[in-house]
Amino acid sequence: MSFWQRYWFTPAPCLDLAIVRLIAVATQLFWMAIFASQLDALELRAALPAENWSPLIILNLLNLPWGWGFRPSFDTLQIIYYVSLVAGILALIGFLTNAALLVFAATCVYLQAFIHSFNDFHHPEAVMMVALTVLALSPSGRVLSLDAWLARRRAGHRVNDMLTETSEFAGWPLKLLQWFFVLMYASAVWSKLSASGLDWANGFTLQYLLARDGLRWDSPFAYWLSHHHVLILLGQYGVLLFQATFALAVIFPKLRWIYVPAGLCLHIFIYLTLTAPFFQWIALYAVFIPWTGALKRLGARSVQMDQREVGVR
Amino acid sequence: MTLGGETLGRLAVSVIVVVILAAQLVVGFVDTGKWGWPILAYPMYKTAHFEGERLNHDFASYVVLSDSNRVEIKRRDLGMDFWIYWYNVVQPIRHGRLDALAGLVEHYCQELDGQVIRLEVEDLGIAIGRDGPVEGLPRQVLFATEVSCP
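The listed protein sequences correspond, in order, to chains S and P. Anchor point for the first sequence: position 250 equals 250 in my numbering, and the numbering is continuous, going up by one each time. Plus 1000 on top of the position in the second sequence (first one is 1) and you've got my numbering.
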């Protein structure tokens, strides 16, 4: 039990959590308003016939007051969409941070669940929904927020050292999301090996996917790459190794120097070739970066450089 | 927060951590499809592919008439993007899900004077080879389902 307490509730820097809040909310706003044009996606689906309507359980639960299977109109969805945008902006600037994040998380879940309720279904958004929810339940607005600035003003404090502010509730959301990544990758590698065994890494699998998606989404790079069997064969073994051993990046933080860049490269490669936009995963890799420690080190280095310059003069 | 409040907070957080990670652990290894969203399995790209396998990058779907003539179902005419078309036209034809195809069948029955007897999905005649895609192969009918006009 003491290990559990120590692992999840050791005071951790609030700045790490706040930076993840900024990155997560900004990414989700970008996704909704720009990249995925969510309003267009909602309108397209709202116009589909009843036989295509297949609501997710979570949407049915959220709609329970209106009855199981209730299908909202586009007008209702539009209102929820704009409420979500406003809540997202408030969460980004950190005004009424927890309440804003809670509304943002709930409306994002609602809208995305609606989009996935027409048999058309994708994977990148799910982890962001979990991330926004846990951030809403944490002190993610303790620093880098309007709330923090107002609180300091009320208390008559002018300066607040963001780098030293800690909370015993600031570590768990990041650790939870780190383990969530481990489980997502474990699921991915398990799915491949249980469905196909080591045949999955035969080179042709990824050649096929690159050629297929290169043609489907008009990606000349993917199509070109589908002609290079040996290179792709090695890449497939690399993917299996990365996904199967990702837990090491959580257990041994030093290994993040390898796993984080490798994971970022993997997801950027997947986007450039297979056109699968896992931006949420890329953004949420922020949970693996010790922002406060890095900033402290940068600060110390710049002080040393200043001192050296003074010494030279 | 009082000491009691902090303890309660830790307890609540512990429950949230255990529920989320346990749910993801179970669902991740026992794929329940989309129903548990946002807790999911991640089986993307799980299927192995082999040399000579046909690419399914896109499909041509047809309405087959009683005189054996075929009329192409154009995705653009249906106002569907690729994935909506895949899940709501191609997959129902593949699995013979007539309920999901009812609107489509009714539309073509009206347009084609009630002669519709079957829906078919064809590939576009490209396969994967060691040196890349091999194009220009004869097209194959992948899926078909018998239908009748209401």
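Ideal Cβ placement from N, Cα and C applies to all residues, glycine included.
Residue span of the beta strand (DSSP E) that contains residue i, given as start and end
| i | result |
| --- | --- |
| P/Ser1061 | Ala1060 to Leu1065 |
| P/Arg1070 | Arg1070 to Ile1073 |
| P/Arg1118 | Val1116 to Glu1122 |
| P/Gly1132 | Gly1132 to Val1134 |
| P/Phe1143 | Val1141 to Glu1146 |
Inter-residue CB distance, residue i and residue j (contact presumed, cutoff 8 Å)
| i | j | result |
| --- | --- | --- |
| S/Leu233 | S/Pro173 | Going by Cβ atoms, the distance from S/Leu233 to S/Pro173 rounds to 39 Å, so no, they are not a contact pair. |
| P/Glu1120 | P/Val1105 | P/Glu1120 to P/Val1105, Cβ: 13 Å. No contact. |
| S/Ala87 | S/Phe74 | 20 Å between Cβ atoms; not a contact. |
| S/Ala201 | S/Gln236 | 4 Å |
| S/Phe121 | S/Leu59 | 13 Å between Cβ atoms; not a contact. |
| S/Gly317 | S/Leu144 | Here chain S has residues from 1 to 313 only, and residue 317 of chain S is not among them. |
| S/Ala126 | S/Val189 | Going by Cβ atoms, the distance from S/Ala126 to S/Val189 rounds to 18 Å, so no, they are not a contact pair. |
| P/Val1017 | S/Leu284 | Not a contact, Cβ separation roughly 17 Å. |
Within chain P, the residues that residue i reaches when beta carbons sit closer than 8 Å
| i | result |
| --- | --- |
| S/Val109 | Pro1038 |
Residues of its chain near residue i, where Cβ-Cβ distance is below 8 Å and the 5 sequence neighbours each way are ignored
| i | result |
| --- | --- |
| S/Thr10 | Glu168 and Gly171 |
| P/Met1001 | For P/Met1001, the predicted model reports a pLDDT of 46, less than 50, meaning its position is unreliable; a value from the coordinates is still stated below. Same-chain partners within the cutoff: Gly1009. |
| P/Asn1088 | Met1080 and Ala1100 |
| S/Val83 | Val103 and Thr107 |
| S/Val230 | Gly203 |
| S/Gln78 | Leu39 and Leu42 |
| S/Tyr81 | Met32, Gln38, Leu39, Leu42, Thr107 and Leu111 |
Beta-carbon proximity list for residue i, same chain, < 6 Å, skipping 5 on both sides
| i | result |
| --- | --- |
| P/Tyr1045 | none |
| S/Phe204 | none |
| S/Leu255 | Leu248 and Ala249 |
| P/Arg1054 | Asp1123 and Ala1127 |
| S/Leu101 | Ala91, Leu135 and Ala136 |
Partners in chain S for residue i, counting only beta-carbon separations shorter than 7 Å
| i | result |
| --- | --- |
| P/Ala1048 | Ser196, Asp199, Trp200, Asn202 and Thr205 |
| P/Pro1133 | Ala211 and Ser226 |
| P/His1095 | The premise fails here: P/His1095 is roughly 11 Å from chain S at the closest Cβ pair, so nothing lies under 7 Å. |
| P/Tyr1042 | His123, Met184, Ser187, Ala188 and Ser191 |
| P/Leu1025 | Leu183 |
Within 7 Å, strictly: CB atoms of residue i and residue j
| i | j | result |
| --- | --- | --- |
| S/Phe288 | S/Val260 | yes |
| S/Ser196 | P/Ala1048 | yes |
| S/Leu163 | S/Thr292 | yes |
| S/Pro55 | S/Ser117 | yes |
| S/Ala131 | S/Ala36 | no |
| P/Gly1132 | S/Ser219 | no |
| P/Phe1143 | P/Arg1097 | no |
| P/Ile1039 | P/Ala1023 | yes |
| S/Phe30 | S/Pro124 | no |
| P/Pro1138 | S/Ser191 | no |
| S/Gln280 | S/Met128 | yes |
| P/Ile1117 | P/Val1071 | no |
| S/Gly214 | S/Tyr223 | yes |
| P/Trp1083 | S/Ile57 | no |
Partners in chain S for residue i, counting only beta-carbon separations shorter than 8 Å
| i | result |
| --- | --- |
| P/Ser1066 | Those do not exist, as P/Ser1066 stays about 24 Å from chain S at its closest Cβ, beyond 8 Å. |
| P/Leu1021 | Leu176, Trp179, Phe180 and Leu183 |
| P/Ser1148 | Simply none; closest approach about 17 Å. |
| P/Tyr1108 | What P/Tyr1108 touches in chain S: nothing, since even the nearest Cβ is about 14 Å away. |
Sequence-distant residues of its chain with Cβ nearer than 7 Å to residue i (five each side left out)
| i | result |
| --- | --- |
| S/Ala247 | Val182 |
| S/Pro253 | none |
| P/Arg1130 | Glu1051 |
| P/Asn1056 | Asp1123 |
| S/Ala26 | Leu92 |
| S/Glu51 | none |
| S/Thr97 | Ala91, Ser140, Gly141, Ser145 and Asp147 |
| S/Trp217 | Thr275 |
Within chain S, partners of residue i - CB distance below 9 Å
| i | result |
| --- | --- |
| P/Ser1061 | None at all; the shortest Cβ gap to chain S is about 16 Å. |
| P/Gly1103 | Pro49, Ala50, Glu51 and Asn52 |
| P/Phe1082 | Arg216 and Trp217 |
Residue range of the alpha helix (DSSP H) that includes residue i
| i | result |
| --- | --- |
| P/Ala983 | Chain P is shown only over 1001 to 1150; residue 983 of chain P falls outside these bounds and no answer can be derived. |
| S/Gly214 | Phe204 to Arg216 |
| S/Ile268 | Arg256 to Leu274 |
| S/Leu231 | His229 to Ala244 |
| S/Leu15 | Cys14 to Phe30 |
| S/Leu62 | Ile57 to Leu62 |
| S/Lys192 | Trp172 to Ser196 |
| S/Ser2 | Ser2 to Phe9 |
| S/Trp149 | Leu146 to Ala155 |
| S/Gly88 | Phe74 to Ile93 |
| S/Ala97 | It is Thr, not Ala, that sits at residue 97 of chain S in the sequence shown. Note, S/Thr97: alpha helix (DSSP H), Thr97 to Ile115. |
Listed by chain order, chain P residues near residue i by CB distance under 7 Å
| i | result |
| --- | --- |
| S/Ala186 | Gly1028 |
| S/Tyr136 | The sequence given here places Ala at residue 136 of chain S; Tyr does not occur at that position. Within chain P, no residue comes near S/Ala136; the closest Cβ sits about 11 Å away, beyond 7 Å. |
| S/Asp147 | Chain P residues near S/Asp147: none, gap ~16 Å exceeds 7 Å. |
| S/Ile58 | Trp1037 |
| S/Asn119 | Tyr1087 and Asn1088 |
| S/His229 | Arg1130 |
Any non-hydrogen atom of the ligand NAP within 6 Å of residue i CB
| i | result |
| --- | --- |
| S/Leu15 | Among the ligands in the structure shown, none appear at all, so the ligand NAP cannot be discussed. |
Partners in chain P for residue i, counting only beta-carbon separations shorter than 9 Å
| i | result |
| --- | --- |
| S/Arg8 | The residue you asked about is not Arg; residue 8 of chain S is Trp in the sequence shown. Within 9 Å Cβ-Cβ: Arg1010, Val1013, Ser1014 and Val1017. |
| S/Val130 | Ile1020, Gln1024, Pro1038 and Ile1039 |
| S/Ala113 | Trp1037 and Pro1038 |
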